[in-house]
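The structure appears below as structure tokens.
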Amino acid sequence: MTAAHLINSTQDTFEADVLAASQERPVLVDFWAEWCGPCKSIAPVLAQLADDYAGKVLVVKIDTDAEQALAQQYGIRSLPTMMIFRYGEVVEQLIGAQPASEIKAALEAFMPREGDTLIPEIEALRDAGDLTNALSAVTQAVENDPDDLRLAILQAQVMLDLGDVENADSIINQLPVAATTTDEVRAVQARITLAQHARADFKDDDVGAKFKQAVGLAVSGEIDEAMELLLELILRHRDWRDGLVRETIVNIFSQLDSDDPRLKTYRTRLARTLN
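Be aware that the sequence shown starts at 259, since it is given in my numbering, and climbs by one per residue.
Quick look at the structure:
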């Protein structure tokens, strides 16, 4: 079986063997040479990995003596050097005769997952307003692959679409700490905070009433109306509740796409208001 999933490549076939093939699955490229002892020692390890993955990974061997241009192109200075390609790009590099466990650990991060096809389908249901089926589909997907954090984040987003703030918050709070530093999770956290503020009882005075009106507009997607109210509030009540108005404006910014022209406009207006 190895021959089908472990091949030799050259400059002429590299684009098809590696760059194109990596669109479908991870490609592990082994840069080696005949005179390299560690290269020979790792060869059976790579052959076994090719068999173990049974087509989910392609192992490609490059003889650096015969393919010096390729070795130079990818900056190979030590042998063996292994590179993992995904979607036409180098996504990981391993230098030296690594044990099979280390190579597998590196590959796993780039393996095709059920979520790759399910996430666009669930997003399409959201866009169509079919939130009940979207939630059912993403919940089942999370059960099938609980380690795919993309699915958990999407589940929280769909729950927020349905107004289930508590369960969305619970899901986000259960994510690994490292995941909570991503922009995507921070945007969901900001959305949860906005929803919580929209439900809060601000008994202060007219400031609290106007603030709650603004966050309610933001939650319902009426960003321009919400921002106008908040910018008016921050002009006169900058320090209200320890700067909650400014914090809320920043949370709204996280809901906008980076190329949304409103982002630059409102950031500029906020800066002018605060100066």
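From the three backbone atoms N, C-alpha and C, an ideal C-beta is built for every residue, glycine too.
Helix, strand or coil for residue i per DSSP?
| i | result |
| --- | --- |
| E442 | helix |
| T339 | strand |
| D270 | coil |
| Q356 | coil |
| V318 | strand |
| D288 | strand |
| I265 | strand |
| E505 | helix |
| Q351 | strand |
| R283 | coil |
| R344 | strand |
| P296 | helix |
| K461 | coil |
Thinking residue i and residue j are a contact (beta carbons under 8 Å), I'd like their distance in whole angstroms, please.
| i | j | result |
| --- | --- | --- |
| L489 | T531 | 6 Å |
| I320 | S267 | 6 Å |
| L491 | V473 | In fact, because the Cβ distance is near 11 Å, the residues do not count as touching under 8 Å. |
| D275 | V317 | No, D275 and V317 are not in contact; Cβ-Cβ is about 11 Å, not under 8 Å. |
| G304 | T322 | A small fix is needed here, since residue 304 is Leu in this sequence, not Gly. Between T322 and L304 the Cβ distance is about 15 Å, and since that is not below 8 Å, they are no contact. |
Please classify residue i as buried or exposed, where buried requires at least 16 other C-beta atoms within 10 Å of its C-beta.
| i | result |
| --- | --- |
| Y524 | buried |
| S359 | exposed |
| W290 | buried |
| P302 | exposed |
| R344 | buried |
| T439 | exposed |
| E325 | buried |
| D288 | buried |
| Q413 | buried |
| P378 | exposed |
| V396 | buried |
| T339 | buried |
| T271 | exposed |
| V435 | exposed |
Check whether the Cβ atoms of residue i and residue j lie closer than 8 Å to each other.
| i | j | result |
| --- | --- | --- |
| T467 | L475 | Correcting the residue type first, residue 467 is Ala in the shown sequence and not Thr. No, the pair does not count as a contact, with Cβ atoms beyond the cut-off. |
| Q269 | A327 | yes |
| A448 | V477 | no |
| Q513 | A445 | yes |
| L407 | A367 | no |
| L383 | M417 | no |
| L376 | D419 | no |
| H263 | A308 | yes |
Confirm the yes/no value for this check: CB of residue i, any heavy atom of the ligand COA, distance under 7 Å.
| i | result |
| --- | --- |
| F469 | For the ligand COA, the structure offers nothing, since it holds no ligand at all. |
For residue i, which residues from the same chain have a beta carbon less than 7 Å from its beta carbon, with the 5 sequence-adjacent residues on both sides left out?
| i | result |
| --- | --- |
| M369 | P284, K314 |
| A410 | V400, I429, L433 |
| A364 | I342, E350, L352 |
| D427 | I450 |
| N509 | A448, T451, L452 |
| E442 | I411 |
Near residue i, what residues of its chain come up, given a Cβ to Cβ distance below 8 Å and the 5 sequence neighbours on each side ignored?
| i | result |
| --- | --- |
| G373 | A399, D403, D406, R408, L409 |
| S299 | A355 |
| I265 | D275, L316, V317, V318, K319 |
| V348 | Y332, M341, I342 |
| C294 | L337, P338 |
Quick one: what's got a C-beta closer than 6 Å to residue i's C-beta in the same chain, skipping five residues either side?
| i | result |
| --- | --- |
| N425 | M417 |
| N391 | L383 |
Residue i CB to nearest chain B CB: under 8 Å?
| i | result |
| --- | --- |
| D388 | In the displayed structure, chain B is absent; only one protein chain is listed. |
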